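Visitor:
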Amino acid sequence: MTPSHRTGGLSRRHFALVLPSVLLASGASGCAAPHQGTGRPGDPVVLTLLSHYASGTLKEALQRPVDEWNATHDRVKVRTKAVEFTDLLTTFMVRQAAGQGADILHPYCLWNGQLVQARVLRPAPSEYAEEIRRGYGGAAVGASSVGGKIYGYPTEVQTYALYYNKRLLREAGIARPPRTWRELEEAAYRTARRDGYGNTLVQGFGLSTYDDSTTVGQTLALLNAAGGTFVSADGRSTAIDSPAGRAVFDLEHRLVVKGASAPGVNVYKAFQSGQVAMVVSAGWWTGSLKTEMGKDYHDVGVAPLPVPEADDRRATLSTGFMLGVNTASEHPREAWEFLRWLNTEKVSIKSAKKGATATRMSSLQVSVGSLTGRAEDMRTLLSEGSDPNLHPFLDALAYAVPEPNVAGAQQAKSLLRKNIEALWTGQQSVDESLRTIRRQVDQEVSRSW
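With positions in the sequence shown counted from 1, the corresponding number in the working numbering is that position plus 14.
(1) Relative to the alpha-carbon of T169, which residue among S377, S362, S400 and D409 has its alpha-carbon at the smallest distance?
(2) If you measure between the beta carbons of T214 and A276, is that distance less than 7 Å?
(3) Within 10 angstroms of the Cβ of A153, are there 16 or more other Cβ atoms? Answer buried if so, exposed if not.
(4) Would you call the CB atoms of T194 and A274 closer than 7 Å?
(5) According to the Cβ coordinates, are A372 and T394 closer than 7 Å?
(6) Should A296 and N238 be called a contact, given that it needs their Cβ atoms to be closer than 7 Å?
(7) Do L64 and V92 have their CB atoms nearer than 7 Å?
(8) Can the beta-carbon of L411 be found closer than 7 Å to that of L404?
(9) Is the distance from the Cβ of N419 to the Cβ of L124 below 7 Å?
(10) Can you look up Y413 in the DSSP assignment and give me helix, strand or coil?
(11) Going straight from the alpha carbon of E435 to that of E351, what length do you get?
(12) Just to confirm my understanding: we take Q232, look at its own chain, exclude 5 residues before and 5 after, and list those with CB closer than 6 Å. What are they?
(13) Between which two residues does the alpha helix (DSSP H) harbouring G338 extend?
(14) Compare the beta carbon distance of A253 and G241 with 7 Å and say whether it is the shorter of the two.
(15) If you follow the beta strand (DSSP E) that V60 is in, where does it begin and where does it stop?
(16) May I ask you to verify whether the stretch 336 to 344 touches the stretch 111 to 122, counting CB pairs closer than 8 Å and requiring at least 3?
(17) If we ignore side chains and look at the alpha-carbon of each, how far apart do A5 and S222 end up?
(18) For Q232, name the three-state secondary structure that DSSP assigns.
(19) Are Y167 and N357 closer than 7 Å when you measure CB to CB?
(20) Which class does N126 belong to by DSSP, given the choice of helix, strand or coil?
(21) Which residue from G440, R461, Q457 and S384 puts its Cα closest to that of Y174?
(22) Starting from S460, follow the alpha helix (DSSP H) in both directions and report where the run begins and ends.
(23) For Y142, which residues from the same chain have a beta carbon less than 7 Å from its beta carbon, with the 5 sequence-adjacent residues on both sides left out?
(24) Return helix, strand or coil for N179, following the three-state DSSP convention.
(25) Select from A389, V134 and V245 the residue whose C-alpha is nearest the C-alpha of R453.
(26) So what does V380 bridge to, in DSSP terms?
(27) Should A112 be listed as close to the ligand FAD, given that the test is whether its C-beta is under 6 Å from any heavy atom?
(28) Hey, out of A111, V155 and R147, whose CA is closest to V134's CA?
(29) Which of helix, strand or coil does DSSP assign to R207?
(30) Relative to the C-alpha of R147, which candidate in Q442, G387, F407 and L408 has its C-alpha closest?
Here it is as structure tokens:
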């Protein structure tokens, strides 16, 4: 849902320095809390749920099912607490160290390895784990797992695809969106435009240093499409210094050098103003574009991510969040009961055909323009009158590859971004970038947390 996942790794020094301010900031409740109880027999159990759904439609969307639960359950109540996304990982870690961890946590799945290593997340009991395996796609289950164990219910799931401007492609004589990297590159050169002074008027393919979604997200999506991975299967080293990784870096380098990409441009603003022909991004962006572009949104199309060769198997990146239970919770059984109710119990859907049902979480995510890893729910909720631009992201749930979530994943991602930007801005060659990433990321993911 959020375009930017720009959070840094939490160093031990930073951990100590931020303790007072984070404890103070995270005390704000995301809603009016139910009666806390006095500790006497008969008082309800009150569970706290900490997320980044801190304001606007996200806060309202989560509060609706929580209010429904509280109105229909006397023995267990839930209250929400929220912080901004940029503070979420730090808040999890600091509150845990201070003995103030929430019962239910809503982490970005990239952090799961770190949270498991720090003994913050509790493995899902076997019956819940099996329920999650059956109900969700492989990428969502993988993102919610560490070391083969499932730690929670997947919630928001974002897959990556190719956004394109139909008008710009049509004006360049291109009849359909590219399906291979060769077609992608040709289309990028044909749609790119510069003025007489060399200033970029239109990027053929949008590369941008604006945030992780465009810098790292699209690079990893292309890497997955080429059959590569960022981190090795055992999670102890990087795997990007491979033929697939080199092919992605060569492609991006050519696009910049030949003038089809201008990484200094904010691609989010440029695309909606018709200054970018194509860009790889996640499905959350669709709702934002529809709101911001108005009638010009009819120029926007979405297609599956191009693959290197026409007969290659499709693959792309998926990122996401999950709801899990804190190891420090005094009421884990009640917490899992609430999560099952929210994430697996089916309810009637008024806007769909008669008799249609979906989970509360799937309805929540679709209401804010997102997806879950429950493909059946998504097809029900998006069946009639929905934006066709969402369907390529739904289809991608079947072949997406989850973001690696080893213990050092957040810092590894930050290092990857730094080196990609150095390549795009001419500070490093392809060889130098791959060597530096291998050295820096290997050191990060192999160290003991």
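The beta-carbon is built from N, C-alpha and C at its ideal position, and this holds for glycine as well.
For clarity, every value in this text was computed on a predicted model and none was experimentally measured.
Guide: The short version:
(1) Mapped onto the sequence shown, residue 169 falls at position 155. Nearest of S377, S362, S400 and D409 to T169, Cα basis: S377.
(2) As a working note, residue 214 is residue 200 in the sequence shown. As a working note, residue 276 is residue 262 in the sequence shown. In this structure, A276 lies closer than 7 Å to T214 by Cβ.
(3) Here the question's residue 153 lines up with position 139 in the sequence shown. Burial call: buried.
(4) Locating residue 194 in the sequence shown gives position 180, where the first residue counts as 1. Locating residue 274 in the sequence shown gives position 260, where the first residue counts as 1. No, the Cβ-Cβ distance between T194 and A274 is not below 7 Å.
(5) Reading the sequence shown from its first residue, position 358 is the one you call residue 372. Reading the sequence shown from its first residue, position 380 is the one you call residue 394. Yes, the Cβ-Cβ distance between A372 and T394 is below 7 Å.
(6) Locating residue 296 in the sequence shown gives position 282, counting from the first residue. Locating residue 238 in the sequence shown gives position 224, counting from the first residue. The answer is no: Cβ separation not under 7 Å.
(7) Here residue 64 is taken as the residue at index 50 of the sequence shown, counted from 1. Here residue 92 is taken as the residue at index 78 of the sequence shown, counted from 1. It is not a contact, given that the beta carbons lie outside the stated cut-off.
(8) As a position in the sequence shown, residue 411 is number 397, starting the count at 1. As a position in the sequence shown, residue 404 is number 390, starting the count at 1. Not a contact, by the Cβ cut-off of 7 Å.
(9) Within the sequence shown, numbered from 1, the residue matching residue 419 stands at position 405. Within the sequence shown, numbered from 1, the residue matching residue 124 stands at position 110. Against a cut-off of 7 Å, the Cβ pair of L124 and N419 comes out as a contact.
(10) By one-based count along the sequence shown, residue 413 stands at place 399. Coil at Y413, not helix or strand.
(11) For the purposes of this step, residue 435 is identified with residue 421 of the sequence shown, where counting begins at 1. For the purposes of this step, residue 351 is identified with residue 337 of the sequence shown, where counting begins at 1. Answer to the nearest angstrom: the Cα atoms are 45 Å apart.
(12) Translated into positions along the sequence shown, residue 232 becomes position 218. For Q232, where only same-chain residues beyond five positions count, the Cβ hits under 6 Å are V294.
(13) Residue numbering aside, residue 338 sits at position 324 when the sequence shown is read from its first letter. It is not in any alpha helix (DSSP H) - G338 instead sits in the beta strand (DSSP E) that spans T330 to N340.
(14) As a position in the sequence shown, residue 253 is number 239, starting the count at 1. As a position in the sequence shown, residue 241 is number 227, starting the count at 1. No, the pair does not count as a contact, with Cβ atoms beyond the cut-off.
(15) Walking along the sequence shown from the start, residue 60 turns up at place 46. V59 to S65 is the span of the beta strand (DSSP E), which, as asked, contains V60.
(16) yes
(17) Residue 5 falls outside the range modelled here, since the chain spans only 15 to 463, and no answer is possible.
(18) Position 218 of the sequence shown holds residue 232. Q232 falls in the helix class under three-state DSSP.
(19) Mapped onto the sequence shown, residue 167 falls at position 153. Mapped onto the sequence shown, residue 357 falls at position 343. The answer is yes: Cβ separation under 7 Å.
(20) Within the sequence shown, residue 126 is the residue found at index 112, counting from 1. In the structure shown, N126 sits in a helix (DSSP, three-state: H, G or I).
(21) For this step, residue 174 is matched to residue 160 along the sequence shown. Of the listed residues, the one whose Cα sits closest to Y174 is S384.
(22) On the sequence shown, position 446 is the one that residue 460 refers to. First-last of the alpha helix (DSSP H) with S460: V444 to S460.
(23) Walking along the sequence shown from the start, residue 142 turns up at place 128. Here the set comprises W350 and R354.
(24) Sequence index remark: in the sequence shown, residue 179 carries index 165 (1-based). It is a strand residue.
(25) Position 439 of the sequence shown, counted from the start, is the residue given in the question as residue 453. Of the candidates A389, V134 and V245, the one whose C-alpha sits nearest the C-alpha of R453 is V245.
(26) Counting from 1 along the sequence shown, the entry for residue 380 is found at position 366. Beta-bridge pairing links V380 to no other residue.
(27) By its list of ligands, the structure shown contains no ligand whatsoever, and the ligand FAD lies outside what it can speak to.
(28) Start at 1 with the first residue of the sequence shown, and residue 134 comes out as number 120. Comparing Cα-Cα distances from V134 to each of A111, V155 and R147, the minimum goes to A111.
(29) Counted from its first residue, the sequence shown places residue 207 at position 193. Strand at R207.
(30) Residue numbering aside, residue 147 sits at position 133 when the sequence shown is read from its first letter. Here the closest residue by C-alpha is G387.
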